[in-house]
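Asks: The structure is given below, and queries will be raised subsequently.
In our numbering, the protein residues as written are 104 to 533.
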């Protein structure tokens with residue numbers, strides 16, 4: 104042992120003492136080893152209340168940093184949460200991809216939402232359920248093992264019952280997850296593994312408010328960007344006069360080789376952009392490869408080789424060698440709809456509604472680019488927002504009636520309606 108002083112809290116001392124006993128018994132050189140990392144997305148978001156809230160009516164709200172991209176993840180994560188909480192899925196809501204409310208889970212990519220986000224939600228909800236049962240046991244003066252749980256109701260053998268809502272006020276979820284809550288065995292699961300209606304589908308197939316393009320804000324203007332004809336091209340000059348004659352034009356924006364327009368209405372922005380495209384002069388950049396020779400051009404590019412695996416023993420000689428080359432046309436793994444975002448800068452704070460797969464990385468990039476404090480930037484993934492509980496000033500596109508979502512101040516933001524509503528209630532028809 105050395106004479107180095109170490110300052111420990113009482114909790115840290117208890118942990119360290121347990122680790123020392125174990126380490127000296129089994130492996131003395133592990134005495135300074137770190138505790139095992141929490142699984143999945145819990146590793147970077149260890150607080151229990153970052154993942155869920157038990158509401159006064161006994162329902163639950165789940166917070167997820169993973170976002171709905173049409174892959175059905177919002178419904179799948181709700182199934183996991185409902186199963187672990189022992190609640191009907193109809194009484195569980197989801198808020199996802201909102202940097203002001205949800206845990207930072209990085210990007211939604213690589214088919215990792217269930218592995219990382221689902222694991223975190225399952226363990227967090229199982230722990231919350233255990234805390235609810237413990238709270239009920241104290242109220243009923245019974246052991247937790249004597250109680251049963253079904254659909255958010257905790258029952259004692261003598262038929263006394265307590266609902267989650269009755270216990271919510273005294274439940275402290277502002278604590279670190281231990282990932283030790285009892286998990287429901289597979290034979291007892293009734294929600295996970297079953298087919299349930301997708302939460303995001305109805306608004307998408309009925310023309311409801313489901314996409315970023317559906318968002319309307321008071322005084323909102325529209326922008327379009329003029330893209331260069333080649334990657335890396337430089338904008339030499341442009342005649343702005345044609346764009347300035349378009350009705351509703353507010354501004355032509357040029358910053359180096361960035362060129363765009365701002366107008367009162369969307370179709371005006373399209374016309375003004377088209378006018379700029381005709382007069383813009385570009386130079387430099389590089390041409391896109393010939394699609395007919397794409398394979399040959401890719402193979403001709405410089406490569407960096409690395410050894411992935413190496414056998415230590417020699418293989419037996421091959422009796423027959425087969426060689427073949429297979430190619431396929433280039434296919435873009437991309438959205439069929441145009442990219443879109445809506446931004447509001449108000450009272451020194453920026454809110455962006457987006458279909459980005461990584462709202463937290465976007466938040467950091469925007470804060471850096473605009474030289475804003477990170478706390479002044481909020482990014483919200485707005486795809487399927489009406490279905491997943493992420494509040495946004497949204498309306499059904501091309502319809503005279505408002506969608507059943509809340510608006511800032513309770514006032515509709517559409518062009519043909521002066522209807523007001525109480526926040527959170529369905530909008531009345533004008």
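Every residue gets a Cβ at the ideal spot worked out from N, C-alpha and C, and that includes glycine. Note that the coordinates shown come from a computational prediction; the quantities given were computed from them, not determined experimentally.
Using the C-alpha atoms, what's the distance from residue 234 back to residue 114?
Replies: The pLDDT assigned to residue 114 is 41, lower than 50, so where the model puts this residue is not dependable, and the model offers no usable value.
Asks: Any idea what DSSP makes of residue 398, helix, strand or coil?
Replies: Of the three classes helix, strand and coil, the one that applies to residue 398 here is helix, per DSSP.
Asks: Three or more beta-carbon pairs under 8 Å between the region 264-271 and the region 154-161, yes or no?
Replies: They touch, by the three-pair rule.
Asks: Output the residue ranges of the beta strand (DSSP E) runs that lie fully inside the region 431-462 and measure 3 residues or longer, sorted by chain position.
Replies: Runs found: 444-449 and 452-457.
Asks: Please return the same chain residues whose Cβ sits closer than 6 Å to the Cβ of residue 279, not counting the five positions on each side in sequence.
Replies: For residue 279, where only same-chain residues beyond five positions count, the Cβ hits under 6 Å are 149.
Asks: Return helix, strand or coil for residue 203, following the three-state DSSP convention.
Replies: Note: residue 203 maps to coil in three-state DSSP.
Asks: Using DSSP bridges, identify the partner residues of residue 197.
Replies: Per DSSP, 165.
Asks: Per DSSP, what kind of secondary structure is residue 315 in: helix, strand or coil?
Replies: In this structure, residue 315 counts as helix in the three-state DSSP scheme.
Asks: With distance defined between alpha-carbon atoms, name the residue in 223, 172, 157 and 201 nearest to residue 194.
Replies: Nearest C-alpha to residue 194: 157.
Asks: CB-CB under 7 Å to residue 191, same chain, minus the five flanking residues each way: which ones, in chain order?
Replies: Answer for residue 191: 185 and 254, listed in chain order.
Asks: For the beta strand (DSSP E) that contains residue 258, what are its first and last residues?
Replies: Segment 256-258, the beta strand (DSSP E) holding residue 258.
Asks: Please report the straight-line C-alpha distance between residue 488 and residue 145, rounded to a whole angstrom.
Replies: Only weak support exists for where residue 488 lies, its pLDDT of 48 falling under 50; the value from the coordinates is given anyway. Answer to the nearest angstrom: the Cα atoms are 24 Å apart.
Asks: Quick one: grab the DSSP three-state call for residue 414.
Replies: Of the three classes helix, strand and coil, the one that applies to residue 414 here is coil, per DSSP.
Asks: Should residue 328 go down as buried or exposed, given a rule of 16 or more other Cβ atoms within 10 Å for buried?
Replies: Residue 328 comes out exposed.
Asks: At the level of alpha carbons, what is the spacing between residue 293 and residue 183?
Replies: Spanning the two alpha carbons is a distance of roughly 10 Å.
Asks: Mapping the DSSP letters down to three states, classify residue 366 as helix, strand or coil.
Replies: Three-state result, residue 366: strand.
Asks: Residue 148 by DSSP, collapsed to three states: which one?
Replies: In this structure, residue 148 counts as coil in the three-state DSSP scheme.
Asks: Going by Cα to Cα distance, which pick from 215, 260 and 482 is closest to residue 445?
Replies: Closest option to residue 445, Cα to Cα, is 482.
Asks: In chain order, what residues of the same chain have a beta carbon less than 6 Å from the beta carbon of residue 462, not counting five sequence neighbours either side?
Replies: So the qualifying residues of the chain are 200, 202, 482 and 484.
Asks: Considering only their Cβ atoms, is the gap separating residue 177 from residue 534 smaller than 8 Å?
Replies: Beyond the ends of the chain as shown, which are 104 and 533, falls residue 534; an answer cannot be given.
Asks: Going along the chain, which residues of its own chain have a beta-carbon closer than 7 Å to the beta-carbon of residue 258, five neighbours each way excluded?
Replies: Cβ within range, chain order: 250, 251 and 264.
Asks: Report the CB separation of residue 325 from residue 368 in whole angstroms; it is logged as a contact under 8 Å.
Replies: Going by Cβ atoms, the distance from residue 325 to residue 368 rounds to 6 Å, so yes, they are a contact pair.
Asks: State the Cα-Cα distance for the pair residue 474 and residue 405, rounded to the nearest angstrom.
Replies: Distance between the alpha carbons of residue 474 and residue 405: 38 Å.
Asks: Let me know the secondary structure DSSP gives residue 388 once reduced to three states.
Replies: Looking at residue 388 - three-state DSSP - the assignment turns out to be coil, as it is neither helix nor strand.
Asks: To which residues of the same chain is residue 440 closer than 8 Å at the C-beta, ignoring the five residues directly before and after it?
Replies: Hits under 8 Å: 314 and 316.
Asks: Count the other C-beta atoms from every protein chain shown that fall within 10 angstroms of the C-beta of residue 456, then say buried if there are 16 or more, exposed otherwise.
Replies: Flag for residue 456 reads buried.
Asks: Pop quiz: residue 389 and residue 330 are said to be a contact at Cβ under 8 Å. What is the actual Cβ separation, rounded to whole angstroms?
Replies: No, residue 389 and residue 330 are not in contact; Cβ-Cβ is about 15 Å, not under 8 Å.
Asks: Leaving out the 5 sequence neighbours to the left and right, which residues in its chain are closer than 6 Å to residue 612 when beta-carbon positions are compared?
Replies: Past the edges of the chain, shown from 104 to 533, lies residue 612, and the structure says nothing about it.
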